[in-house]
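Using the numbering used here, read the sequence shown as starting at 28 and increasing by one per residue. Notes for the one structure printed next.
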Amino acid sequence: MTKRTPYARSPESNSRETSMRKELAPFVLKNIGEIISDRKVSGMQMITVQPISGPSLVVWVKCAWKPGNSGNCAVQMAFPGKEDRAQTADEVVGVVLEKTKRANDRGATHILLLAADNDGHKPLAAYILSVNQVGSVVKEAVAVDESLTRNGASPSIYITAKGDRQIELVNIVKKYSIDLLKSSENQLPSTDAINDLNAYPPGISEPEKISRMSPSYSRDPKIRSFVIKRAKGRCEYCGEQGFLMSDGQNYYLEAHHIIALADEGEDTVENVIALCPKHHREAHFGANKEKLEVEMAKLIKQN
28 MTKRTPYARS
38 PESNSRETSM
48 RKELAPFVLK
58 NIGEIISDRK
68 VSGMQMITVQ
78 PISGPSLVVW
88 VKCAWKPGNS
98 GNCAVQMAFP
108 GKEDRAQTAD
118 EVVGVVLEKT
128 KRANDRGATH
138 ILLLAADNDG
148 HKPLAAYILS
158 VNQVGSVVKE
168 AVAVDESLTR
178 NGASPSIYIT
188 AKGDRQIELV
198 NIVKKYSIDL
208 LKSSENQLPS
218 TDAINDLNAY
228 PPGISEPEKI
238 SRMSPSYSRD
248 PKIRSFVIKR
258 AKGRCEYCGE
268 QGFLMSDGQN
278 YYLEAHHIIA
288 LADEGEDTVE
298 NVIALCPKHH
308 REAHFGANKE
318 KLEVEMAKLI
328 KQN
């Protein structure tokens, strides 16, 4: 008989998680934008998503345990060895911060907390938030219920609940995240809502809810395809080669409208440039974005 380690998984458990990662994670993330890549980085699943506008998101996927009869699902954030197990509330937060730092160092900008039914085919919860906010979630959760959050040796974040104790913990997650299942039932989350994931003010316990209409602009996918091919795997601004994608053939780049469609820019190859993620973000949020716009327009004219 094969000796099982404390964290050994059954074939059924492995099959369920595979279904969640291959089917459910891309399915719910399509509510934000186009799936660009789905790859593993040092064992961590990273899905790159390009929203309708703004920079791409690199989403670290974390799957919750199955609900069973209780209906309470949590994502186990870490499986520390005996010598690294958290003994205090601060150490619980520290263990999770170390894990999220590793994910961030490997490129993650956001985290998807995903729960599914016992078979792994139907999503029960799908919350996306900035990796930089996970520490705040755990810090609040451990203050509300240290025992459940500590979860023995595996600090955990609850994302579905039937019990009163778990409901309090799920409400903390909701405060910092976008509920992708509600988005799929109603409408896509606005660009502002996605951007706010990076800067949620933790001092506001009950943010005011308002309704807003978020305009969007149609894009010709042939334009993006042409521009990416034109770049031949290198950023058209700095010349840096993109990383090799999971297909083993193409290099990752992002298409950027030099003059935004919202500013009456054209959806043409003369107004779209292929950029590395760094310069795409700088083009949207950098202090010198207007200078970049002029330089990028000149580069495309020269080509």
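All residues carry an ideal CB built from backbone N, CA and C; glycine is no exception.
query: Nearest-angstrom Cα distance between N178 and L156?; result: 22 Å
query: Excluding the 5 residues preceding and the 5 following N315 in the sequence, name in chain order all residues of the same chain whose CB lies nearer than 8 Å to its CB.; result: E309
query: Are at least three pairs of beta-carbons, each pair with one atom in the region 112 to 126 and one in the region 63 to 78, less than 8 Å apart?; result: no
query: What does R89 pair with, by DSSP beta-bridge criteria?; result: It should be pointed out that residue 89 corresponds to Lys in this sequence rather than to Arg. K89 pairs with L140.
query: Smallest Cα separation from T45: which of L124, A130 and G147?; result: G147
query: Comparing alpha-carbon positions, which option in Y278, I186, S97 and G313 lies nearest A301?; result: Y278
query: Can you list, in chain order, the stretches of the beta strand (DSSP E) that have 3 or more residues and sit fully within the region 135 to 200?; result: 137 to 143, 150 to 157 and 183 to 187
query: Taking the DSSP output, what are the residues bridged to K256?; result: For K256, which the question treats as bridged, DSSP gives no partner whatsoever.
query: Please determine, among G313, N99 and P78, the residue with the shortest C-alpha to C-alpha distance to D191.; result: N99
query: Which term fits P248, buried or exposed, when burial requires 16 or more other beta carbons within 10 angstroms of its beta carbon?; result: exposed
query: Per DSSP, which one or two residues make a beta bridge with P78?; result: G60
query: Identify, in the order they occur along the chain, each residue of the same chain with its Cβ nearer than 6 Å to the Cβ of A152, setting aside the five sequence neighbours on each side.; result: A142, I186 and T187
query: Quick one: using the 10 Å Cβ neighbour count with 16 as the cut-off for buried, is Q276 buried or exposed?; result: exposed
query: Pull up the DSSP beta-bridge partners for Q103, would you.; result: S183
query: Compute the minimum distance between the beta carbon of I255 and the heavy atoms of the ligand SAM, and state whether it is under 7 Å.; result: Absence of the ligand SAM from the depicted structure is noted, as is the absence of any ligand whatsoever, leaving it without description.
query: Can you check DSSP and say which residues form a bridge with K67?; result: Q72
query: How about V119 and V164: are their beta carbons less than 8 Å apart?; result: no
query: Check the C-beta distance from L140 over to A91 and give it rounded, since I have them as a contact under 8 Å.; result: 7 Å
query: Judging by CA-CA distance, which residue of M73, S252 and V321 is the nearest neighbour of G134?; result: M73
query: With DSSP as the reference, label Y203 as helix, strand or coil.; result: helix
query: Rounded to the nearest angstrom, what separates S174 and G70 at their Cα positions?; result: 28 Å
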